[in-house]
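Under UniProt numbering, the first residue of the sequence shown carries the number 1, and numbering increases by one thereafter.
Cβ atoms here follow ideal geometry from the backbone N, Cα and C, with glycine treated the same way.
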Amino acid sequence: MNRLTALLNPKSVAVIGASTRAHRAGHVVMKNLLSGGFNGVIMPVNPRYSSVCGVFAYPDIQTLPLTPDIAILCTHASRNIELIQQLADKGVKFTIIISSDMYSRDEHGETINARCQHIAKLTGMRILGPNSLGVILPWVNFNGSFSPTTTQQGSIAFISQSAAVCTTILDWANDKGIGFSSFISLGNASDVDFPELLDYLSVERHTSAILLYIDSIRDARRFMSAARAAARNRRILVVKSGRTLTGTRATHQHTGGLESFDIVYDSAIQRAGMLRVYTMHELFAAVETLTHTIPLRGERLAIMTNGGGPAIMALDTLLERGGKLAELEPPIIERLNSVLPASWSRNNPIDIVGDANAERYIVTLNALLDSQNIDAILIMLSPSAIADADETAKGIIEFIHNDARAKKFNILTNWSGEQSVHSARNRFTQAGIPTYRTPESAVSAFMHLVEYRRNQKQLMETPTTTETLQRGHLQLAHQWIHDKLRLAPRVHLETHQIKPLLRAYQFDVLATYIAIDASEAVHLANQIGYPVALKLHSPDIMHKSDVQGVMLNLRNAQEVASAAQAIIDRAEVSYPGALLQGLQVQAMAPTTGAEELRVKVIQDPIFGPVILLGQGGSDWRAHSDAVAGLPPLNTTLARYMIIRALKQNKIRLQKGHAQFEQTKLAQFLVRLSQMVIECPQIEVLDIHPLLAVHEHFTLLDVDLTLCEFSGDAQSRLAIRPYPTELISEWQDNKGDNVTFRPILPEDEPLHADFIRHVTKDDLYKRFFNEVGEFNHEALANMTQIDYDREMAFVAVQNGNIIGVSRALINPENTNAEFAILIRSDLKGRGLGRQLLERAIHYCRDKGTTKISGMTMPSNQGMIALAKRCGFTVEIYLEDGVAELELPLQDSQAR
Numbered sequence: 001m002n003r004l005t006a007l008l009n010p011k012s013v014a015v016i017g018a019s020t021r022a023h024r025a026g027h028v029v030m031k032n033l034l035s036g037g038f039n040g041v042i043m044p045v046n047p048r049y050s051s052v053c054g055v056f057a058y059p060d061i062q063t064l065p066l067t068p069d070i071a072i073l074c075t076h077a078s079r080n081i082e083l084i085q086q087l088a089d090k091g092v093k094f095t096i097i098i099s100s101d102m103y104s105r106d107e108h109g110e111t112i113n114a115r116c117q118h119i120a121k122l123t124g125m126r127i128l129g130p131n132s133l134g135v136i137l138p139w140v141n142f143n144g145s146f147s148p149t150t151t152q153q154g155s156i157a158f159i160s161q162s163a164a165v166c167t168t169i170l171d172w173a174n175d176k177g178i179g180f181s182s183f184i185s186l187g188n189a190s191d192v193d194f195p196e197l198l199d200y201l202s203v204e205r206h207t208s209a210i211l212l213y214i215d216s217i218r219d220a221r222r223f224m225s226a227a228r229a230a231a232r233n234r235r236i237l238v239v240k241s242g243r244t245l246t247g248t249r250a251t252h253q254h255t256g257g258l259e260s261f262d263i264v265y266d267s268a269i270q271r272a273g274m275l276r277v278y279t280m281h282e283l284f285a286a287v288e289t290l291t292h293t294i295p296l297r298g299e300r301l302a303i304m305t306n307g308g309g310p311a312i313m314a315l316d317t318l319l320e321r322g323g324k325l326a327e328l329e330p331p332i333i334e335r336l337n338s339v340l341p342a343s344w345s346r347n348n349p350i351d352i353v354g355d356a357n358a359e360r361y362i363v364t365l366n367a368l369l370d371s372q373n374i375d376a377i378l379i380m381l382s383p384s385a386i387a388d389a390d391e392t393a394k395g396i397i398e399f400i401h402n403d404a405r406a407k408k409f410n411i412l413t414n415w416s417g418e419q420s421v422h423s424a425r426n427r428f429t430q431a432g433i434p435t436y437r438t439p440e441s442a443v444s445a446f447m448h449l450v451e452y453r454r455n456q457k458q459l460m461e462t463p464t465t466t467e468t469l470q471r472g473h474l475q476l477a478h479q480w481i482h483d484k485l486r487l488a489p490r491v492h493l494e495t496h497q498i499k500p501l502l503r504a505y506q507f508d509v510l511a512t513y514i515a516i517d518a519s520e521a522v523h524l525a526n527q528i529g530y531p532v533a534l535k536l537h538s539p540d541i542m543h544k545s546d547v548q549g550v551m552l553n554l555r556n557a558q559e560v561a562s563a564a565q566a567i568i569d570r571a572e573v574s575y576p577g578a579l580l581q582g583l584q585v586q587a588m589a590p591t592t593g594a595e596e597l598r599v600k601v602i603q604d605p606i607f608g609p610v611i612l613l614g615q616g617g618s619d620w621r622a623h624s625d626a627v628a629g630l631p632p633l634n635t636t637l638a639r640y641m642i643i644r645a646l647k648q649n650k651i652r653l654q655k656g657h658a659q660f661e662q663t664k665l666a667q668f669l670v671r672l673s674q675m676v677i678e679c680p681q682i683e684v685l686d687i688h689p690l691l692a693v694h695e696h697f698t699l700l701d702v703d704l705t706l707c708e709f710s711g712d713a714q715s716r717l718a719i720r721p722y723p724t725e726l727i728s729e730w731q732d733n734k735g736d737n738v739t740f741r742p743i744l745p746e747d748e749p750l751h752a753d754f755i756r757h758v759t760k761d762d763l764y765k766r767f768f769n770e771v772g773e774f775n776h777e778a779l780a781n782m783t784q785i786d787y788d789r790e791m792a793f794v795a796v797q798n799g800n801i802i803g804v805s806r807a808l809i810n811p812e813n814t815n816a817e818f819a820i821l822i823r824s825d826l827k828g829r830g831l832g833r834q835l836l837e838r839a840i841h842y843c844r845d846k847g848t849t850k851i852s853g854m855t856m857p858s859n860q861g862m863i864a865l866a867k868r869c870g871f872t873v874e875i876y877l878e879d880g881v882a883e884l885e886l887p888l889q890d891s892q893a894r
């Protein structure tokens, strides 16, 4: 049973502070519980009343006749510490705190909320809130909320940190006839938070999609792990507030969360396979689309219309948002020529002319459903005196429902207007066909599907911990960092000081030195070779351009001497008190036609290391002029990052400049990601600029801040990389070499071949069922895993998978379910024990409480192996199962 079951499927509830006074929280909650038809036990608590809303009331918590699954605290914050203690003593496992004023401090500086959380943690109680609106669970008729409205049963779960957003969504959903599977107000989310709710809802049978309203998150690794797991099973939409710096600070005040750049959240949401929408209007449209459509099979859109103007508006929106217009095949055009007026557009958008009636719409749609170039169809209608909007909608709906081909396409509709088309739009909604008021909103909704599909592809990418790099170079880099931090716990270094580190990671760095005066600048320029660049070196002058502190293409000693003295003179005049540390003398890079990019590594307070990419320039602002990427990156993820930067104009390619190779820039970002992962001491790395021309990327100016680091380097990453450190070698009892490693997404074809070499009997023992051919989706779930909560070790020999062990850890980290499968023709070589021991060690290192499994009593080989590894075995012949269990708290357990 999931630990949130009592909260989200309660059988009893106590309302602490229940009231007979209208508009009080205790009164509204009681009325909602009663009017919702909850069949469980409702127990109001208030010493002032003998009954509340006709229900017998109890004077205090101690006199409750049973321990409720949930207690809803509707009292003033000043009473909550005492009440939380009483609820804990009663054994209550879940408390919802409505109160918002939980942050006043006592004489010791501790908040009411902190003291309540301390009591709860000691006793195992969980708290939803404070500042929660409560929960609404339509499938069990439970409305334990302070909301003025309720909701009907549906398939969407909603989780929000904002109570005001909750009531807005409820009002809209009721108007649209959209129901919810659960409606959860987190409030300040001091305890129960997004990750465990996502874990629960991603397998909850009534939930097919999840909506999140996020102000901020606290634990990036837990959130990303839960979100990535949930996004494989459910469609997840996110509204994230605080898109500006000022808005970010406002969310910090609202929920107490840490401040993080919005672009970092943007990257995290995409990486987790979720879809972000930016406004409430977009959210409503996206809900309509995702609720009523099948998964998108492709991105090519056909637009069918009776009006050219609206179709052009739709087309503009499609192209502006990076969408793809489908190209009609010649046979489809010929078919349309035979059924449409001669004046039809003969292209996509397919303008079937203003006098189109229902029959013309249907024959056009009939032809388009035979196209191999179309993935989705937008059907548009502008009010016409010829075509009745309602009858046309009725005919299209009937055709779609009766034609099996239509199920392969995403079909959206846009009946523009208001009064004359309102009934038609209602017909589409009731028929489960997405419908929109404007061309722009219809195309935006389609692009939600496209972006969701693209994000799902990112979800499936699992970068390795390290890319190919010589071990000797890594050792040199680590030793160099160690030497720099030997004298101080935090150091700031510049280009001329960090060349050894950059070159260890195969970055192209120009020869750079520091001269203290014009004479030394000439000497260094002679050594470097002409032409050279001179740059002012001063910690007090942030922008060298303020004093014309950069001189390029100096071709001889005289030019260097003159330029050096001129820079120093200008700096002394403009900044008389500034510390001048000399001049940077640098070889000239080939700048003709090159793009100047800026790449920066920062430490985000929530998500840890983040790589920023944007255009170079002195007025660069990280929060608005860059896109963000979360390490680890592979080439595919890095390319997504580059495409986003170009699409969002964070990189603006200059006319006449030689375009850089995106694949090479992606490889550059992957190496940078590797450096970030391998070197946790890197606090800030600022490349300004990175000179990009064709396949060459040269670092001109680089600033680096190093800081001492202790602990698990990977714990600071929001996403667990592929754990190369778990790769090991072994010789079987025949002397053959076997490699054990965590499974990879690209192992899918190997895994399919492996299963083909397992007998039906062995598969039955593994899966407790007859299994046929595994499809792509099943194989993807086996090979694309989250290494933070699941592990699969494969035994590989001669390029083939010959055995697999799995450990699936529950969200509480209290139990890991394991399973083992060996190729049927390769048993008896000791593979099973090796695979099981690796699963055990992995779980023990993660602090998992126990590891358990289940097999058939007839599987004596598995039972014997488990006993040899220290498992207790319980056989239940009546049920036909053998349960295996090994505690992991004892470090000596085997």
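By the neighbour-count criterion, in which a residue is buried when 16 or more other Cβ atoms sit within 10 angstroms of its Cβ, Arg806 is buried. Around the C-beta of Ile809, 16 or more other C-beta atoms lie within 10 Å, and the residue is accordingly described as buried.
The region 561-598 is shown to contain no whole alpha helix (DSSP H) run of 4 or more residues. With a cut-off of 8 angstroms on Cβ pairs, the region 695-703 is not in contact with the region 514-529, counting fewer than three such pairs.
If only complete runs of 4 or more residues are kept, the UniProt domain "N-acetyltransferase" (738-889) shows the alpha helix (DSSP H) at 748-756, 760-767, 776-783, 831-845, 860-868, in order along the chain. Assigned with DSSP and collapsed to three states, Leu170 falls in helix.
Of all C-beta pairs linking the region 308-326 to the region 428-448, three or more are shorter than 8 angstroms, placing the two stretches in contact.
Distance between Pro609 and Ile719, taken at the CA atoms: about 10 angstroms.
Between the region 643-652 and the region 550-569, the count of Cβ pairs shorter than 8 angstroms is below three; the stretches do not touch. A direct Cα-to-Cα measurement between Thr111 and Gly187 gives close to 16 angstroms. Apart from sequence neighbours up to five positions away, the residues of its chain that approach Thr635 with a beta-carbon distance below 8 angstroms are Thr663, Ala666, Gln667, Val670, ordered along the chain. Within the region 324-385, the beta strand (DSSP E) runs of at least 3 residues that lie entirely inside it are, in chain order, 376-381. Exclusion of the five residues before and after Asn174 leaves Thr149, Thr151 as the residues of its chain whose Cβ lies within less than 7 angstroms of its Cβ. Residue pairing by DSSP leaves Ile396 without any beta bridge partner. The straight-line gap separating the alpha-carbon atoms of Ser538 and Gln581 is approximately 5 angstroms.
Taking a contact as a CB-CB distance under 8 angstroms, the pair Gly273 and Leu459 counts as one, their CB atoms being some 3 angstroms apart.
Boundaries of the beta strand (DSSP E) harbouring His696: 696-699, taken from the DSSP string. Separation of Asp60 and His841 (C-alpha to C-alpha, rounded to the nearest whole angstrom) is 49 angstroms. With fewer than 16 other CB atoms across the displayed protein chains lying within 10 angstroms of its CB, Gln153 is exposed. Exposed is the label assigned to Asp370, since fewer than 16 other Cβ atoms lie within 10 Å of its Cβ. Where Tyr530 is concerned, there is no enclosing alpha helix (DSSP H), because DSSP gives it neither an H nor an E. Within a 10 Å sphere around the beta-carbon of Ala22 sit fewer than 16 other beta-carbons, which makes this residue exposed. When the beta-carbon positions are compared, Arg789 and Ala227 stay at least 8 angstroms from each other. The beta carbon of Thr168 sits closer than 7 angstroms to those of Met280, all from its chain and outside the five residues before and after it, given in chain order.
A Cβ-Cβ contact shorter than 8 angstroms links Asn141 with Phe38. In this structure, DSSP gives Phe709 a state outside helix and strand, which the three-state scheme calls coil. With respect to Ala157, Leu128 sits apart: the two C-beta atoms are not nearer than 8 angstroms. Burial state of Tyr640 is buried, judged by a 10 Å Cβ sphere holding 16 or more other Cβ atoms.
Taking a 10 Å sphere around the C-beta of Gly242, we find 16 or more other C-beta atoms and assign the residue as buried. Bridge pairing for Lys600: Leu612, Asp686 [DSSP].
According to the DSSP assignment, Pro44 belongs to the beta strand (DSSP E) that extends over 41-45. An exposed status is given to Gln419, since fewer than 16 other beta-carbon atoms sit within 10 Å of its beta-carbon. The beta carbon of Arg222 is closer than 7 angstroms to those of Pro195 in its chain, skipping five residues each way along the sequence. A residue is called buried once 16 or more other Cβ atoms fall within 10 Å of its Cβ, and Gly124, having fewer, is exposed.
Note on geometry: alpha-carbon atoms of Phe740 and Asp762 lie some 21 angstroms from one another. Straight through space, the alpha carbons of Leu690 and Thr705 are spaced by roughly 18 angstroms.
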